[in-house]
Amino acid sequence: MQSVQKILSKHMDELSPKLQAAATFVMQQPQEVATRSMRQVAKLSDLPPPTFSRLARAVGCKDFEELRERCRSDLKQNALSYAEKAKVLQQSEHGQSGGKSDVGSGTFIVHQAKAAITNIENLVNSIDNKVLSQIADRLVSANNVYLIGAMSSRAFVEYMAYMADMAFTNWRVINQRGTGIAADLSTLNEHDVVLAVSKHPYARCTVETARIARDKGAYVVGITDRVDAPILQFTDQGLYVSTDSPQFFTSHVATLVLLESLIGMVIRRSGDEAQQHIKSVAQTNQSLGEYWQGHNAKVIKS
């Protein structure tokens, strides 16, 4: 089932100005739509109640109730803020034997692991395999693949680029060399793919890069954690990952599973050339002494 964000974005250009205003409200405030009556939503948005009924039908829903149910379903992926999670973490610890029993008994790692497993299960159960295959096909056929991520997402696009560099020569992280985003995007066109990882709180530069990429005609894929994420306005496909965690910081385990799966799917589609490139990189690393060779290893002193 497509998300409300994706459905509304798909139909936005077809809507009248008033319906566009209603659609924008739904995308920006899905929690209000999910928990309030149509009359209350209309009051909050300063729009007539029938506008939301017309919007629901215009985007393929039977009525407003169906649109609201879609919002409720989407919001299950929302996460607490960092501060809220830290508060919950501290309160739960102080409630047990002076606040240190979780660490001593090892129960916290169980909670953390269970949350990560649940996030992965949510990914597996909710992912549209057809969409995932389409994305993998586009990544294979692209002239260039650009990866963008900032703040906590930066490390994951660099990890994806490291994996890709073993097999391909046309993948790169935007602004990796410190030359600026503009320099990397100057030659971007409709034959390229941009894959952006954007998690709450959303980095402005990632959203702006996605906007520029779409304007240049590139195929844009967004990996995010919420259905109301701003980057989804500028993507051709959006993939969602749960990031729930018992500690203050969001968990990125499911994100790693998704990125590793995408790379695996791309490798499978790439034939002998990718296989030979991986072999060549490994042999070059071996000849340069990059790998540990046991007792015969050459020790480099600083």
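Residue numbers (numbering that gives the first Met the number 0): 0 to 301.
Built from N, CA and C at the ideal position, the CB exists for glycine as well.
Asked	Found
Going by CA-CA distance only, name the one from S260, L46, N142 that's closest to W170.	N142
From T106 to P245, what does the alpha carbon distance come to, in whole angstroms?	11 Å
Touch check for the segment 156-174 and the segment 117-134: three-plus C-beta pairs under 8 Å?	no
Is it buried or exposed for S8, if we count other Cβ within 10 angstroms and need 16 for buried?	buried
Closest to R38 by C-alpha separation, out of R67, L14, K61, would be which residue?	R67
Would you kindly work out how many angstroms separate the C-alpha atoms of M150 and T283, rounded to a whole number?	32 Å
Can you grab the Cα-Cα spacing for the pair R71 / Q30, in whole Å?	7 Å
Between Q275 and the rest of its own chain, which residues show a CB-CB distance below 6 Å, the 5 nearest in sequence each way excluded?	none
Would you tell me roughly how many angstroms separate the C-alpha atoms of R268 and V220, rounded to the nearest one?	18 Å
Given a cut-off of 7 Å, decide if R213 and F233 are closer than it, judged by their beta-carbon atoms.	yes
Any idea what DSSP makes of G288, helix, strand or coil?	coil
Quick one: using the 10 Å Cβ neighbour count with 16 as the cut-off for buried, is G103 buried or exposed?	Here the model assigns G103 a pLDDT of 43, short of 50, so the residue's position is not dependable, and the following value carries that caveat. Per the 10 Å Cβ criterion, exposed.
Run through DSSP, which three-state label would Q19 get?	helix
Using a Cβ-based criterion (distance less than 6 Å to any ligand heavy atom), does L66 qualify as near the ligand HEM?	The model on display carries no ligand, and the ligand HEM is accordingly not part of it.
Keeping to the same chain, check which residues put their C-beta closer than 7 Å to that of P47; ignore five residues upstream and five downstream.	A41
Using the Cα positions of S44 and A181, report the straight-line distance between them to the nearest angstrom.	37 Å
In or out: L287 buried (at least 16 other Cβ within 10 Å) or exposed?	exposed
Can you tell me which of V252, Y239, Q4, V280 puts its alpha carbon nearest to the alpha carbon of L131?	Y239
Only counting the same chain, and skipping five residues up and downstream in sequence, which positions put a Cβ closer than 8 Å to that of I299?	Residue confidence for I299 is low, a pLDDT of 48 falling below 50, so the modelled location carries little weight and cannot support an answer.
Over what stretch of residues does the beta strand (DSSP E) that includes Q236 continue unbroken?	236-239
Please name the residue in Q111, P229, R153 whose C-alpha comes closest to that of Q242.	Reading the sequence as shown, one finds Thr at residue 242 and not Gln. Of the candidates Q111, P229, R153, the one whose C-alpha sits nearest the C-alpha of T242 is Q111.
Assuming R53 contacts L18 under a Cβ cut-off of 8 Å, what Cβ separation, rounded to an integer in Å, is found between them?	6 Å
Can you tell me whether V58 is buried or exposed? The criterion is at least 16 other CB atoms within 10 Å of its CB, across all chains shown.	buried
Report buried or exposed for H190, applying the criterion of at least 16 other Cβ atoms within 10 angstroms of its Cβ.	exposed
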